[in-house]
Amino acid sequence: MKLILILACLALYVAQTQAQCPGAVRIAESICINTRNDGDTRNFSCFRNANNNMWFYDRGSGVCRRMSYRGCGGNNNRYCTQGDCSRRCGVPFRK
């Protein structure tokens, strides 16, 4: 019975991890001061993390802008949604 409970918890953890936005930064504090960096496609495995619908904070204009993340490398200035970018970088959210 304990084994079934442990396996169920493990399955939920894996499902939650897989449901996250591909290419999302996985650190507690993202960096809004970095410039845009789309990353690169060093090898075939990068394509599974590529995401054409990412956002970055543009310091020059003070707004969040759309970008395409290539899957590898890049910096921490990338977000899954415009709302995430706005919240993390202190920008008023505009739809």
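With mature numbering (1 follows the signal peptide of the UniProt record, and there is no 0) applied, the sequence shown covers -19 to -1, 1 to 76. Glycine residues also receive a C-beta, built at the ideal position from the N, C-alpha and C atoms. In this text the structure is predicted, and so the values were computed from the model without any measurement.
Cβ-Cβ separation, residue j to residue i (assumed contact under 8 Å), whole Å
i: Arg23; j: Asn58; result: Not a contact, Cβ separation roughly 20 Å.
i: Cys45; j: Cys27; result: Actually they do not touch by this definition, with Cβ atoms about 24 Å apart.
i: Val72; j: Gly43; result: 7 Å
Chain-order list of residues whose beta-carbon lies under 6 Å from that of residue i (same chain, five-residue window excluded)
i: Cys2; result: Cys61
i: Gly54; result: Gly20 and Asp21
i: Asn33; result: Ser49
i: Arg29; result: none
i: Gln63; result: Trp36 and Cys45
Boundaries (first-last residue) of the alpha helix (DSSP H) holding residue i
i: Cys66; result: Gln63 to Cys70
Cβ-based neighbour list, residue i, same chain, cut-off 8 Å, excluding 5 preceding and 5 following
i: Ile12; result: Asn56, Asn57 and Asn58
i: Arg51; result: Asp19, Gly20, Asp21, Thr22, Cys27 and Ala31
Extent of the continuous beta strand (DSSP E) to which residue i belongs
i: Asn34; result: Asn32 to Asp39
i: Met48; result: Val44 to Tyr50
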